[in-house]
Amino acid sequence: CMLFDQIWLGSYMSGGVGFTQYATAAYTDNILDDYTQYGVDYIKKNHGGIAKAKATQEVVNDIATEVTLYGMEQYEDYPTALESHFGGSQRATVLAAASGVTAALATANSNAGLNGWYMSMLLHKEG
């Protein structure tokens with residue numbers, strides 16, 4: 001059943017968000033790594049390091065906003081990154097993944113990471 005889902009829905013939805021979220025990590029070059037590393041450097045500087053920040057919405061908002069804005073600036077400064085991530089859903093997913101990973105690392109809380117993902121999506125929508 002799972003194999004069927006991956007093959008059928010993966011190919012059926014290849015232009016949609018489902019496939020994008022499934023396969024983004026495999027083909028984002030080092031861009032996702034760069035955004036996440038920026039986030040890790042940010043939490044070391046401003047939140048005391050990995051697993052040192054409190055799992056509050058204010059902390060998640062701060063981290064997700066910083067990482068998302070950094071990523072959006074990088075997409076504007078380097079047009080080849082836009083070409084590499086040729087769909088808006090791919091760019092949004094990369095920004096959200098970096099924000100979520102960074103928030104989870106900062107707080108050692110997976111729910112904070114999920115909130116970071118959603119915060120990034122909301123910010124990207126409004127940005």
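Position 59 of the sequence shown, counted from 1, bears residue number 59 in the working numbering, the numbering being contiguous throughout.
For every residue, glycine included, the Cβ atom is placed at its ideal position computed from N, Cα and C.
Since we're looking at a predicted model, the values are computed, not measured.
Nearest CA to the CA of residue i: which residue from the options?
| i | options | result |
| --- | --- | --- |
| Gln-57 | Gly-71, Ser-89, Gly-100 and Leu-32 | Gly-100 |
| Ala-128 | Ser-120, Gly-88 and Glu-126 | In this structure the chain extends from 1 to 127, so residue 128 is not present and cannot be described. |
| Tyr-70 | Gly-49, Glu-83, Asp-41 and Val-59 | Asp-41 |
| Tyr-35 | Met-72, Asn-46, Lys-52 and Val-60 | Met-72 |
| Ile-43 | Asn-109, Ile-63, Leu-123 and Gln-90 | Ile-63 |
| Leu-122 | Asp-77, Leu-95, Leu-32 and Lys-45 | Leu-95 |
Ends of the alpha helix (DSSP H) at residue i?
| i | result |
| --- | --- |
| Tyr-38 | 31-46 |
| Ala-145 | Any question about residue 145 goes unanswered here, given that the chain covers just 1 to 127. |
| Lys-125 | 110-126 |
| Tyr-70 | 57-77 |
Evaluate residue i with the Cβ neighbour count: other Cβ atoms within 10 Å of its Cβ, from every protein chain shown; 16 or more gives buried, anything less gives exposed.
| i | result |
| --- | --- |
| Gly-113 | buried |
| Thr-93 | buried |
| Gly-39 | buried |
| Thr-80 | exposed |
| Tyr-75 | buried |
Chain B beta carbons: is any one of them nearer than 9 Å to that of residue i?
| i | result |
| --- | --- |
| Ala-92 | In summary, chain B is missing from the structure at hand, where a single protein chain is found. |
Enumerate in chain order the residues of its own chain whose CB-to-CB distance from residue i is below 8 Å, with the five nearest sequence positions on each side excluded.
| i | result |
| --- | --- |
| Val-60 | Ala-103, Thr-107, Ala-112, Asn-115, Gly-116 and Met-119 |
| Lys-54 | Thr-107 |
| Gly-49 | Ile-43 |
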